Each structure stands twice: as C-alpha cells, then as structure tokens.
Amino acid sequence: MNKRIIAILSLLIVVAGASAVSAFGFDDLMGGDSNETVTINGFDFNVPAGFEEDANYSKENESASVGVIDYTYDQKLFEKGPVAVSILVADYGENKVTDDVVAAIGGNQTTIAGIDGYLDYNNGIYSFNYAKNDKLVTITSSDEDVISDFIIA
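Numbering (this note's numbering), first residue to last: 7 to 159.
Here's what the structure looks like:
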C-alpha cells in the first residue's frame, strides 16, 4: 500500500476514535464511571465510582445533643451493592473537637489515607473518627477497606 493511503487511514482511525470519546465519554470507553467529590459541612470527600448517594438518609444542619452539649451535623449515605458508607460531620460550636476528644470516643488509634484518627469495630460496623477544624468527622461502613477510598487528605 502506498504511504498516502496509510496516512489517510490512520487519520480516519484517529478521527473516529476522537468522535467516540466525545460521543460516549472517555469513562464509558474505559468501562466505568469516574470518582466524584462531595462536600459535607465544608469538607470534601471522594465518592468512588459505583457508589450512589441515598438521599433518604441525607441530613443538613440537623440539631442534636449529647447530655447538655448541643451540636449540629450534616450526613450523607452512599451505597454500592451490599456496602454502605455513612459520612457525618458534626459541629459542637464553642466545644471544639480535638484529638483528645476523639480519643475519648474510643477505638484504636490509626492512620487511614493520611488522616490520624480512631477506628472502632462494633456489631459488624467500622467507624473511623477524627477531628478536623474543630469538628468531628465520622465515616462508618461494614467494609473497613472502603473507608480510605472516601478520604481526601
């Protein structure tokens, strides 16, 4: 075949490939969805591909109390098959959340995805708690390994 025909065929393949990427999206060609970022009470979290938010369990600026201490919290729940992940960010107002406060909640001190906190396991549920900007962040899941996938350090 002459070089001119090969060059034209190569160009047509490139154009067809570019059209497919723009028509279907690069992620579709690669076989999956891409990760998303969600903001909860001012903090960004990663939502891995395949996890869907269950809006029935979303809370925004909800009020609650522990003893005489009032706080507000935001929460979102994400599911992928049998795995569910809940992310809660609580603001205790003047009662700032520190590492010592989180330690008092309990669990084993550990680092997940570059974040120092405390991991607890109770009744088949893992709970990772840490302090960030004077707030309490709690990520819970039945699958310990998936917790790190949601954290953006």
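Think of the CB as a built atom: it goes at the ideal place given N, C-alpha and C, for glycine as much as any other residue. All values reported here derive from a predicted model rather than from experimental measurement.
| said: So, under 8 Å CB-CB, residue 57 and residue 86 are touching, yes? Tell me the CB distance rounded to an integer number of Å. | reply: Right, their Cβ atoms sit about 5 Å apart.
| query | Is the beta carbon of residue 123 less than 8 Å from the beta carbon of residue 135? | reply | Result yes, Cβ atoms of residue 123 and residue 135 sit closer than 8 Å.
| query | If we ignore side chains and look at the alpha-carbon of each, how far apart do residue 29 and residue 102 end up? | reply | With a pLDDT of 40 at residue 29, under the threshold of 50, the modelled position of that residue is not reliable, and no figure is offered here.
| Spatial distance of residue 55 from residue 156 (CA atoms) | Each residue's CA atom was taken as its position, placing residue 55 and residue 156 some 11 Å apart.
| request: Can you give me the start and stop residues for the alpha helix (DSSP H) that residue 109 sits inside? | output: Start and end: 105–111.
| request: Rounded to whole angstroms, what's the CA-CA distance from residue 73 to residue 96? Just pull it up for me. | output: C-alpha separation (whole angstroms): 15 Å.
| field | Beta carbon of residue 145 nearer than 8 Å to that of residue 75 | value | No, these two residues do not count as a Cβ contact at 8 Å.
| message | Classify residue 118: buried if its beta carbon has 16 or more other beta carbons within 10 angstroms, exposed otherwise. | response | Burial of residue 118 is indicated by the presence of at least 16 other C-beta atoms within 10 angstroms of its C-beta.
| field | Limits of the unbroken beta strand (DSSP E) element including residue 152 | value | For residue 152, there is no enclosing beta strand (DSSP E); the enclosing alpha helix (DSSP H) covers residues 150–156.
| field | Between the CA atoms of residue 53 and residue 137 - distance to the nearest angstrom | value | Each residue's alpha carbon lies about 20 Å from the other.
| Where residue 17 falls, given that 16 or more other Cβ within 10 Å makes a residue buried | With a pLDDT of 40 at residue 17, under the threshold of 50, the modelled position of this residue cannot be trusted; read the value that follows with caution. With fewer than 16 other Cβ atoms within 10 Å, it is exposed.
| query | Rounded to a whole number of angstroms, what is the C-alpha to C-alpha distance between residue 108 and residue 131? | reply | Rounded to whole angstroms, residue 108 to residue 131 spans 18 Å at the Cα level.
| At which residues does the beta strand (DSSP E) containing residue 49 begin and terminate? | Residues 49–53.
| task | Please report how far the alpha carbon of residue 104 lies from the alpha carbon of residue 110, in whole angstroms. | result | The straight-line gap from Cα to Cα measures roughly 10 Å.
| request: In angstroms with no decimal places, state the Cα-to-Cα distance between residue 77 and residue 61. | output: For residue 77 and residue 61, the distance between alpha carbons rounds to 22 Å.
| field | residue 4 versus 89, 44, 126, residue with shortest Cα-Cα distance | value | The displayed coordinates of the chain run from 7 to 159. Any statement about residue 4 would go beyond what the structure contains.
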